[in-house]
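Report on the following structure.
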Amino acid sequence: MKDSELVARYDGRVPRYTSYPTAPYFSAAVDSETYSAWLGALSPDAPLSLYIHVPFCDRLCLYCGCNTSVVRHEQPRRDYAHLLGLEINMLADQLGHRAAVSHVHWGGGTPTCLPNDCLTGIMDLIRRRFAVRADAEIAIEIDPTSFTPDKADALTLMGVNRASLGVQDFDEKVQTAIGRMQSYEETQACADKLRAVGIHAINLDLIYGLPHQTVASVVRTAQQALALQAGRIAVFGYAHVPWMKRHQALIKDAWLPDAPARFAQMQAIAGVLEGEGGYVPVGLDHYAQPDDAMAVALRDKSLHRSFQGYTTDAAPTLLAVGASSIGSLPQGYVQNATSVPAYATAIMAGRFATVRGVALTAEDILRRIVIEKIMCDLHVDLAEVAQSMGADAVDLLTAADNLLPMCHDGLVTWDGLRLSVTERGRPFVRNVAAVFDAYLNTDDAAPKYARAV
Ligand SMILES: C[S@@+](CC[C@H](N)C(=O)[O-])C[C@H]1O[C@@H](n2cnc3c(N)ncnc32)[C@H](O)[C@@H]1O
Ligand code: SF4
């Protein structure tokens, strides 16, 4: 079957499975009281991860799908940092013990928007209230265009040891259309500066499917990205959701590549990264140098998927701090109020800002493992997973008929109860995972998710 036929058949709107159940199925039944109870019940021995969300940027990129806004003055940034500190203290108080922390991820927005003393102050507070392990990963997302040398010093004081640099595309015509001018030189200067202060683990983000991109232009960008020698490169498909992100309406539909063109761009980038670059493909959208911890985790089958995408972090609990952030506990998921004022009102009143979430059932947990294995390993042994949970694999097969066309199209192989996604099927791994999603109703899912390819 030709690529264009495959794309036409499978380019539905399916979740990215950074959680299961996925966020549209969270409800207000899970609130701050539920969250308090869940926190209080966590085992003192269980390691944690922390996610700190900073929803501010110096400017708004037109393609941006993140939860962020432009905040120019320093005082609101300081006020927000104060709230983060209050929430961190509330979490530690509620846990009642100084929990071990294996990962801290600062995301956004652009976390480096916070004043330097706020960044270092929050990190100091985290270290006082939690037992951050000596080998913990402390990661932060960086916009190279707003990165100043003093920030690098603050990151060193914080103990940051991994930085993700947003690139998207180096082509000027594309950059003009997406409202993000960023030269190769300033990206390189940012990576050099980080390495000079001892932050050697560098990730890059690229996007395909942006206005005016072509196979030739994305190949040039991918080749330039190779020269930056990042340990990991994420390659996202542009999610055009103007009904949710109104500023994206400034990107005209007519400028956007169609589905077969997006697919060709994605394949062309993969060709450069895997071919010339020697990167290992990881799951749906990541590439790692063979000696990077993510490639090692892939080989060890210890890769995980969380709201930050693919991760080497194995902690069973992710506590999320800040407006809109989503946490994951053994009992279920919790999401904070999306708007900063609503978040501030709750935190200032001394209660968690949880507004929605979902309590996991035994079936959810079983399906979550299956979906995570498909998304990470591109393989799952249903009998093994079911047995580990004391369940019957047959219960997982309610929608298994949907796998038959995928087998026929060469996207999966299906041997008894062992399912493997083929290389041809890798771009459609979300569709394969969706077969095991008991909530997904393809009729009502259409407006909620970006396209599959
Ligand atoms: C929070 S942002 C990154 C950090 C930083 N603010 C920056 O822009 O460089 C995380 C990444 O999400 C990706 N992203 C943002 N909006 C997107 C969209 N609409 N579709 C696909 N990827 C998107 C970009 O690759 C971006 O680098
Ligand atoms: S892409 Fe990054 S810098 Fe641009 S608006 Fe989104 S979060 Fe801010």
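According to the working numbering, the sequence shown is numbered sequentially starting from 18. Note that beta-carbon positions come from the ideal geometry of N, C-alpha and C, so glycine has one too. Just so it is clear, the structure is predicted and the values come from calculations on it, not from any experiment.
Span of the alpha helix (DSSP H), counted from its first residue to its last, around F280: 276 to 288
Proximity test, R263 beta-carbon vs ligand 2 heavy atom, cut-off 7 Å: no
Contact test: C78 Cβ vs ligand 2 heavy atom, cutoff 7 Å: yes
Three-state secondary structure assigned by DSSP to A148: strand
beta-carbon I224 near ligand 1 non-hydrogen atom, thresh 7 Å: yes
Ligand 1 heavy atom lying under 7 Å from the CB of A266: no
Other residues of its chain near S342: CB distance less than 6 Å, five sequence neighbours each side excluded: Y68, H70, N353
Meets three-Cβ-pair contact criterion under 8 Å: the region 83 to 99 and the region 32 to 47: no
Spatial distance of E291 from P298 (CA atoms): 7 Å
Contact the region 273 to 288 vs the region 333 to 341: 3+ CB pairs below 8 Å: Between the region 273 to 288 and the region 333 to 341, the count of C-beta pairs closer than 8 Å stays below three; the two stretches do not touch.
DSSP three-state assignment for Q348, whether helix, strand or coil: coil
For L211, the first and last residue of its enclosing alpha helix (DSSP H): That run of the alpha helix (DSSP H) goes 201 to 213.
Alpha carbon of M175 to alpha carbon of A194, nearest angstrom: Those two C-alpha atoms are separated by around 35 Å.
Near ligand 2: D186 beta-carbon under 7 Å from a heavy atom: no
Entirely enclosed alpha helix (DSSP H) segments - the region 309 to 346, minimum 4 residues: 310 to 317
G39 classed as buried or exposed, judged by whether at least 16 other C-beta atoms fall within 10 angstroms: In the sequence under discussion, the amino acid at residue 39 is Thr, which differs from the Gly named in the question. T39 is buried by the Cβ-count criterion.
Local conformation of A416 per DSSP, three classes: coil
Nearest neighbour of G113, chosen from A58, V121, E154 [CA to CA]: A58
Option in M406, L273, D309, T85 with minimal Cα separation from T378: M406
Distance CB(N84)-CB(T362) smaller than 8 Å: no
Start and end residues, beta strand (DSSP E) containing H120: Boundaries of the beta strand (DSSP E) around H120: 117 to 125.
Rounded straight-line distance, which links the Cα of Q240 to that of Y225: 14 Å
For A462, three-class secondary structure by DSSP: Confidence at A462 is low in this model, with a pLDDT of 47, below 50, so its placement is unreliable and the value that follows should be read with caution. Helix.
Under 8 Å between C-beta atoms of L221 and A206: Cβ atoms of L221 and A206: not closer than 8 Å.
Closer than 7 Å: E203 CB and nearest ligand 1 heavy atom: no
Whether F453 touches L413 by CB criterion (8 Å): yes
Y255 CB to nearest heavy atom of ligand 1 below 7 Å: yes
Meets three-Cβ-pair contact criterion under 8 Å: the region 416 to 428 and the region 271 to 284: no
Sheet register partners of T137 (DSSP bridge): None, per the DSSP bridge assignment.
Own chain, CB closer than 6 Å to P464, minus 5 neighbours either side, in chain order: In this prediction, P464 scores a pLDDT of 46, lower than 50, which makes its location untrustworthy; no coordinate-derived value is stated.
Cβ-heavy atom distance, C207 to ligand 2, below 7 Å: Exclusion of C207 from the 7 Å shell around ligand 2 follows from its C-beta lying no nearer than that to any non-hydrogen atom of the ligand.
Closer than 7 Å: T85 CB and nearest ligand 2 heavy atom: Yes, the Cβ of T85 comes within 7 Å of a heavy atom of ligand 2.
Secondary structure of T355, DSSP reduced to three states: coil
Unbroken stretches of the beta strand (DSSP E), 3 residues or longer, contained in the region 42 to 108: 65 to 71
Spatially closest choice to E293 from D275, T35, R237, by CA coordinates: R237
Distance cut-off 7 Å: G126 Cβ against heavy atoms of ligand 2: yes
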